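One structure is given here, and the rest of the page talks about it.
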Amino acid sequence: MGSKIILMENKTSRRNAMKKIVEGAATVALTGAISSRLNAADNEMGVALKRRINHSVCRWCYDSIELEALCKAAKTIGLQSIELLTVEEFSTVKKHDLTCAMVSGIGKDYGITKGWNTKENHDGLEEWYKYLIDETSKAGFTNLICFSGNRAKKIDDEDGLKNCAKGLKKILNYAEKKKVTIVMELLNSKIDHKDYMCDHTDWGVELCKKIDSDNFKLLYDIYHMQIMEGDIINTIRANSKYIAHYHTGGVPGRHEIDETQEIYYPSIMNAIVETGYRGFVAQEFIPARADKLASLKQGVNICDI
């Protein structure tokens, strides 16, 4: 009799144990399903990003999309900025509680090919940039892009360096008072911007040293510098104090930054964060796919380490 009671108790215990296991498994499955749905919803609403990187996007890559619509999409994806905007576009991004992490410096008379490396440009550039500094400061933005200009087959790199330093010093005190940083972009002269002078990090860093102001730094465009130099991570680590901003882009082609191209962006983003950088990284690739916003979201997720 005693053995029968023990056997029955063992069976009951096993049944109870199995019941708990089944219930537990169901709970785990349900919790997992709910968690997955919540994570998906979070990502859809743009609130699941890790925020070790501040995300931005360059307006010109999505110029087929109205700025108002791009702002709404940016908020959904989790972007905090739309950049390379003109003064006239400031109010639209501000309305959507977005910033402009890098203000455009291109005007009707000056831009990438016609910049600070030519003395004859200095007076006009000084007037133009003081206007842009005022507008940037009034909007509460902090970074304003500038360009060296082309060599134009008559300016050597040493003279161009001296000219840039001399010209930019004319506006640096004004920029400092307005709490605006002037940022020169590094561009490739091999494919996209033939003859552009500020096409190597060393040249840009030497300019920073000549100017010697916390309000003048470089925009390190990963796409452009992969084409010109490679060795991206070591270069970033060695020169991080001179870099105020980063741009992305897939090499070759300047399209999506996924497995279709040669750069592994998560490693580069980790290296950037490890330098102590707390600024913005902007997606500046031209989507090759029909769903441009899906490509943008993918790029942000790739960089969100």
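According to UniProt numbering, the residues represented by the sequence shown are 1 to 305, in order. Just so it is clear, CB atoms sit at the ideal spot from N, CA and C, and this is done for glycine as well. No experiment lies behind these values; they were computed from the predicted model shown.
### Task
Please check the pair residue 53 and residue 273, which I expect to be a contact at CB under 8 Å, by giving their CB distance rounded to whole angstroms.
In the sequence shown, counting from the first residue as 1, residue 53 sits at position 53. In the sequence shown, counting from the first residue as 1, residue 273 sits at position 273. Yes, they are in contact, since the Cβ atoms of residue 53 and residue 273 sit about 7 Å apart, within 8 Å.
### Message
Just to confirm the assignment, what range does the alpha helix (DSSP H) spanning residue 85 have?
### Response
As a first step, residue 85 must be located in the sequence shown, where it is residue number 85. Residue 85: not part of any alpha helix (DSSP H); DSSP gives it neither H nor E.
### Task
Note down, in chain order, each residue of its chain lying with its Cβ closer than 6 Å to the Cβ of residue 23, except the 5 sequence neighbours on either side.
If you number the sequence shown from 1, residue 23 lands on position 23. A caution first: residue 23 carries a pLDDT of 47, below 50, which makes its placement in the model too unreliable to give a value.
### Query
Between the C-alpha atoms of residue 96 and residue 71, what's the straight-line distance to the nearest angstrom?
The sequence position of residue 96 within the sequence shown is 96, counting from 1. The sequence position of residue 71 within the sequence shown is 71, counting from 1. Straight through space, the alpha carbons of residue 71 and residue 96 are spaced by roughly 7 Å.
### Given residue 62 as reference, the closest of 294, 301, 128 once Cα atoms are compared
Counted from its first residue, the sequence shown places residue 62 at position 62. Closest option to residue 62, judged by alpha-carbon separation, among 294, 301, 128: 294.
### Query
Near residue 290, which residues of its chain fall below 7 Å by C-beta distance, leaving aside the five closest residues on each side in sequence?
Your numbering for residue 290 matches position 290 in the sequence shown. Take residue 290, set aside five residues on each side of it, and no residue of its chain has a beta-carbon closer than 7 Å to its own.
### Query
How close, in whole Å, do the beta carbons of residue 133 and residue 171 come, if the pair is a contact with beta carbons under 8 Å?
Start at 1 with the first residue of the sequence shown, and residue 133 comes out as number 133. Start at 1 with the first residue of the sequence shown, and residue 171 comes out as number 171. Between residue 171 and residue 133 the Cβ distance is about 7 Å, and since that is below 8 Å, they are a contact.
### Task
Determine the burial state of residue 296: buried for a count of at least 16 other Cβ atoms within 10 Å of its Cβ, exposed for fewer.
What you label residue 296 is simply residue 296 of the sequence shown in a count that begins at 1. Taking every protein chain shown into account, the CB of residue 296 has 16 or more other CB atoms within 10 angstroms, so this residue is buried.
### Message
According to DSSP, is residue 50 part of a helix, a strand, or is it coil?
### Response
Numbered from 1 along the sequence shown, position 50 holds the residue referred to as residue 50. Under the three-state reduction of DSSP, residue 50 is assigned to coil, being neither helix nor strand.
### Query
For residue 169, does the three-state DSSP call read helix, strand or coil?
On the sequence shown, residue 169 is found 169 positions in, with the first residue counted as 1. Of the three classes helix, strand and coil, the one that applies to residue 169 here is helix, per DSSP.
### Query
For residue 152, which three-state DSSP category applies?
For the purposes of this step, residue 152 is taken as the residue at position 152 of the sequence shown. Coil.
### Task
Just mark residue 124 as buried or exposed, buried being the case when its beta carbon has 16 or more other beta carbons within 10 Å.
Counting from one through the sequence shown, the residue named residue 124 turns up at place 124. Classification of residue 124: exposed, given that the 10 Å Cβ count is below 16.
### Query
How about residue 271 and residue 236: are their beta carbons less than 9 Å apart?
Walking along the sequence shown from the start, residue 271 turns up at place 271. Walking along the sequence shown from the start, residue 236 turns up at place 236. Note that the C-beta distance between residue 271 and residue 236 is below 9 Å.
### Query
Could you give the distance in angstroms between the alpha-carbon of residue 145 and the alpha-carbon of residue 220?
Residue numbering aside, residue 145 sits at position 145 when the sequence shown is read from its first letter. Residue numbering aside, residue 220 sits at position 220 when the sequence shown is read from its first letter. Rounded to the nearest whole angstrom, the C-alpha separation of residue 145 and residue 220 is 12 Å.
### Task
Label residue 179 either buried or exposed according to how many other C-beta atoms from any shown protein chain fall within 10 Å of its C-beta, with 16 as the threshold for buried.
As a working mapping, residue 179 is identified with position 179 in the sequence shown. When all chains shown are included, residue 179 counts as exposed.
### Query
Do you know how far the Cα of residue 84 is from the Cα of residue 58?
Within the sequence shown, the letter at position 58 stands for residue 58. Within the sequence shown, the letter at position 84 stands for residue 84. Linking residue 58 to residue 84 through their CA atoms gives a straight-line distance of about 6 Å.
### Query
Is residue 245 helix, strand or coil by DSSP?
Numbered from 1 along the sequence shown, position 245 holds the residue referred to as residue 245. In this structure, residue 245 counts as strand in the three-state DSSP scheme.
### Task
Could you name each continuous beta strand (DSSP E) segment of 3 residues or more that falls completely within the segment 195 to 281, going from the start of the chain to the end?
Runs found: 216 to 221, 243 to 247.
### Query
Is the number of C-beta pairs between the segment 112 to 121 and the segment 86 to 101 that are closer than 8 Å three or more?
Remark: fewer than three beta-carbon pairs, one from each stretch, lie closer than 8 Å, so the segment 112 to 121 and the segment 86 to 101 are not flagged as touching.
#### Entry: residue 161 - partner residues in DSSP beta bridges
The residue you call residue 161 lines up with position 161 of the sequence shown. Bridge pairing for residue 161: absent [DSSP].
### Residue from 48, 208, 263 with nearest C-alpha to residue 181
To locate residue 181, count along the sequence shown from 1; it is residue 181. Closest in alpha carbon position to residue 181, among 48, 208, 263, is 208.
### Query
Curious, which full-length beta strand (DSSP E) runs of at least 3 residues does the segment 120 to 149 contain?
Segments of the beta strand (DSSP E) lying fully in the segment 120 to 149: 143 to 146.
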